[in-house]
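Protein chains in written order, with the numbering used here: chain X, 15 to 457; chain F, 15 to 457.
Note that the Cβ used here is the ideal one computed from N, Cα and C, for glycine as well.
As the structure is a prediction and not an experimental result, all values here were calculated from the model.
Worksheet: the structure to be examined is printed underneath.
Here it is in structure tokens:
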């Protein structure tokens with residue numbers, strides 16, 4: 015009998031796994047169920063569609079269903095898996111016509127994540143939106159263009175700030191409300207985050223920090239957002255409070271959940287049930303700095319872990335080496351990036367900064383940049399870095415990511431042969447300077 | 015008696031050493047002799063002054079003489095050291111008034127490099143220029159603005175191409191003539207170089223490869239350049255054939271010269287004569303990939319090795335960990351970078367390419383980029399990389415530099431947690447893709 019792989023979830027992790035398994039096992043039957051009408055798309059690109067930078071929406075689809083059919087992958091859209099039986103080795107699937115069961119030899123659980131919904135009055139009113147799927151993006155683009163009103167972003171995370179920029183670009187009045195001391199708190203220290211806030215405010219986005227949305231007001235449709243100190247008129251509210259792994263299906267089936275709340279897997283992306291695999295936003299991974307379980311909702315991690323799962327399902331041998339949580343974005347004209355950890359209870363750490371220009375100081379396009387390097391005090395080992403600055407700032411984080419990946423000390427990084435020419439950096443790159451200061455701070 | 019450090023050469027290596035020695039030894043007497051009227055300047059910025067991008071010329075001075083006086087460093091401009099006596103431990107110095115001897119306890123030899131002058135008829139005619147010092151830059155800027163004629167660049171190295179761009183920016187007709195198969199041959203394979211040539215030609219620079227300048231014609235002043243196949247009318251010719259270390263002073267004094275033709279030093283930047291140090295363009299260093307002596311003429315190396323020398327002169331302990339020869343530039347709109355080696359007689363190597371866009375494909379500013387990764391075949395260890403592309407391409411070389419610095423395999427780099435967001439890269443960075451293909455090519 016033909017061996018069958020069933021994939022739950024048709025986005026990055028699921029379809030990467032399907033593709034890799036197909037390459038290695040031409041005879042494997044592969045069926046992928048996706049509950050929405052979209053597969054293999056770039057969620058990270060959605061804010062840019064809302065802003066009007068990227069059109070049409072379909073450009074955000076990385077691989078069209080046709081491509082999967084050509085690979086003999088049976089991708090079924092609008093099919094939701096509603097149950098897994100790990101003993102009978104079947105899934106129960108629901109579609110417009112009804113439901114059916116399908117057996118599997120391998121099961122790939124790639125159920126992803128969903129936006130966190132706050133428990134506040136009015137969160138279900140019309141005009142309160144989340145931004146996760148392409149359908150969400152389409153709805154928000156339509157709203158953004160149909161009106162030029164007031165938008166309130168609830169939360170200061172990546173998606174929230176990108177949505178804020180998108181509505182600003184569409185001519186809206188935009189307010190971001192966060193209970194944090196600053197924005198992007200998962201990545202940046204508050205003083206680094208405040209540089210992002212400055213940039214946003216210069217562009218005309220109002221940012222309320224240390225505040226909290228208490229309620230959303232309206233009868234059927236939102237008309238204002240009630241914060242601790244004021245009420246803000248709002249035509250739209252966007253939830254930007256981050257996301258949480260979708261694990262109910264796995265949990266109900268008896269697949270073990272790890273300490274982070276995501277599905278526990280080994281470095282082959284195998285769950286605790288043989289033949290059942292998981293990857294992407296719904297799965298745990300190992301943080302390379304702390305060596306503890308982590309759960310990041312990043313396209314990079316989804317693609318890599320999906321690939322590892324697929325190689326192993328296909329009979330190959332791959333192990334996922336872990337993550338640093340490297341993240342990057344652009345908010346208005348400010349670039350932001352981070353990697354590793356800003357601190358950790360088990361690591362005595364110290365940080366050092368370097369501030370300057372992205373190029374030689376005399377270069378016409380010189381933009382400000384600030385770099386913070388964090389090291390373990392007793393070893394000098396780099397454990398994290400943050401960057402905030404103008405154009406050509408943020409992608410420099412990859413040097414830190416590569417350095418941390420290799421367990422490099424700050425002292426060693428301070429001598430590394432990085433590239434210099436006046437349009438690109440100073441002769442001592444600010445990375446060198448931050449690293450050297452961090453090394454000196456350990457003495 | 016006060017201990018005295020004498021520095022020969024007032025640019026990056028010499029003045030870095032002086033500054034570091036001063037910090038560690040407040041009582042040290044420090045005298046630095048510089049034969050030109052300039053010290054501590056950015057030679058790399060000179061083409062951009064000629065182009066008119068950076069003004070005035072003085073902006074290229076990193077630290078003004080006043081700064082050195084404040085540090086109690088006795089910097090003497092227009093003073094040329096013409097002899098070193100390693101037994102009496104004196105230098106002979108010539109200035110406008112005559113000459114004198116000065117004793118030293120420590121001597122820092124930072125004589126730098128000079129442009130290679132081809133042995134062809136007419137090379138000494140008026141209108142034939144080299145580009146090395148700020149005085150050269152001032153002269154060429156004056157010429158570039160006084161006329162809008164025809165400039166011929168002899169050689170396809172970094173300085174030559176940057177000078178070509180500068181004259182183009184000033185409205186000249188520009189031709190580059192090189193005997194190489196392409197340009198930037200020290201850094202790029204010919205097919206990668208041809209991408210640079212394409213970019214230059216699109217901007218209007220004519221590039222003659224596989225050609226050779228046989229003579230420069232004119233009576234007192236240049237009027238044409240004779241190549242193998244044609245004669246090109248020329249109002250200016252610029253030598254762009256690279257540079258060679260200035261070692262005569264050291265050689266005549268009996269300081270050992272290494273196999274590369276530069277001054278031999280250990281990793282503390284000590285020459286074979288105790289108390290005599292060298293750093294920068296005139297000194298050898300160790301290539302971290304080949305573990306053999308190397309001699310690069312790069313501001314980065316000069317600053318780092320000068321710093322190491324100065325720390326050791328000051329009684330500290332620093333060792334220079336070697337170089338990868340990482341280099342970067344921008345020629346018209348094309349960015350170029352390289353690190354490590356493209357191949358080596360002692361290393362069986364294999365290369366792999368990744369071509370794509372600098373951002374997500376759907377991002378409005380997506381520019382082309384091509385990356386080549388080179389690995390040692392039997393170990394998979396990365397040994398070199400080349401990048402050619404549009405804006406935001408070249409500085410990515412630093413990831414390869416950091417990876418090679420750490421002895422990383424291409425396979426390991428292909429999983430590294432690099433940053434992704436649509437304005438910055440694809441979800442699999444092209445670095446990942448090039449590294450993965452290089453790893454696969456080893457199997």
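Exposed unless 16 or more other CB atoms sit within 10 angstroms - verdict on residue i
| i | result |
| --- | --- |
| residue 118(X) | buried |
| residue 179(F) | buried |
| residue 143(X) | buried |
| residue 443(F) | buried |
| residue 416(X) | buried |
| residue 398(F) | buried |
| residue 101(X) | exposed |
| residue 150(F) | buried |
| residue 266(X) | exposed |
| residue 314(X) | buried |
Pair within 7 Å by beta-carbon distance, residue i and residue j
| i | j | result |
| --- | --- | --- |
| residue 354(X) | residue 279(X) | no |
| residue 445(F) | residue 402(F) | no |
| residue 366(X) | residue 452(X) | yes |
| residue 92(X) | residue 109(X) | yes |
| residue 341(F) | residue 436(F) | no |
| residue 191(F) | residue 222(F) | yes |
| residue 36(F) | residue 85(F) | yes |
| residue 155(F) | residue 193(F) | no |
| residue 219(F) | residue 182(F) | yes |
| residue 27(X) | residue 316(X) | yes |
| residue 164(X) | residue 247(X) | yes |
| residue 252(F) | residue 177(F) | yes |
| residue 455(F) | residue 364(F) | yes |
| residue 425(F) | residue 391(F) | no |
| residue 59(X) | residue 139(X) | no |
Contact with chain F by residue i, beta-carbon distance below 7 Å
| i | result |
| --- | --- |
| residue 82(X) | no |
| residue 324(X) | no |
| residue 140(X) | no |
| residue 146(X) | no |
| residue 58(X) | yes |
| residue 438(X) | yes |
| residue 431(X) | yes |
| residue 415(X) | yes |
Close-in-space but distant-in-sequence residues of the same chain around residue i (CB under 7 Å, 5 per side omitted)
| i | result |
| --- | --- |
| residue 128(X) | 146, 257, 258 and 260 |
| residue 126(F) | 23, 25, 260, 294, 295 and 296 |
| residue 34(F) | 321, 324, 325 and 328 |
Straight-line Cα distance separating residue j from residue i
| i | j | result |
| --- | --- | --- |
| residue 200(F) | residue 171(F) | 8 Å |
| residue 45(X) | residue 22(X) | 9 Å |
| residue 184(F) | residue 283(F) | 42 Å |
| residue 234(F) | residue 136(F) | 9 Å |
| residue 422(X) | residue 298(F) | 26 Å |
| residue 430(F) | residue 387(F) | 15 Å |
| residue 1(X) | residue 393(F) | Residue 1(X) is absent from the model: chain X starts at 15 and stops at 457. |
| residue 88(X) | residue 52(X) | 14 Å |
| residue 50(F) | residue 188(F) | 30 Å |
Cutoff 6 Å; reference residue i; Cβ partners in own chain excluding five residues on either side
| i | result |
| --- | --- |
| residue 160(X) | none |
| residue 96(F) | 106 and 108 |
| residue 346(F) | 179, 213, 214 and 217 |
| residue 77(F) | 54 |
| residue 407(F) | 349, 372, 383 and 401 |
| residue 228(X) | 240 |
| residue 300(X) | 336 |
| residue 447(X) | 368 |
Chain X contact for residue i (CB, 7 Å cutoff)
| i | result |
| --- | --- |
| residue 314(F) | yes |
| residue 338(F) | yes |
| residue 227(F) | no |
| residue 285(F) | no |
| residue 25(F) | no |
Close beta carbons around residue i, own chain, < 8 Å, minus the five adjacent residues each side
| i | result |
| --- | --- |
| residue 175(F) | 167, 190, 197, 198, 210, 214, 254, 343 and 345 |
| residue 326(X) | 282, 283, 284, 291 and 332 |
| residue 286(X) | 269, 270 and 278 |
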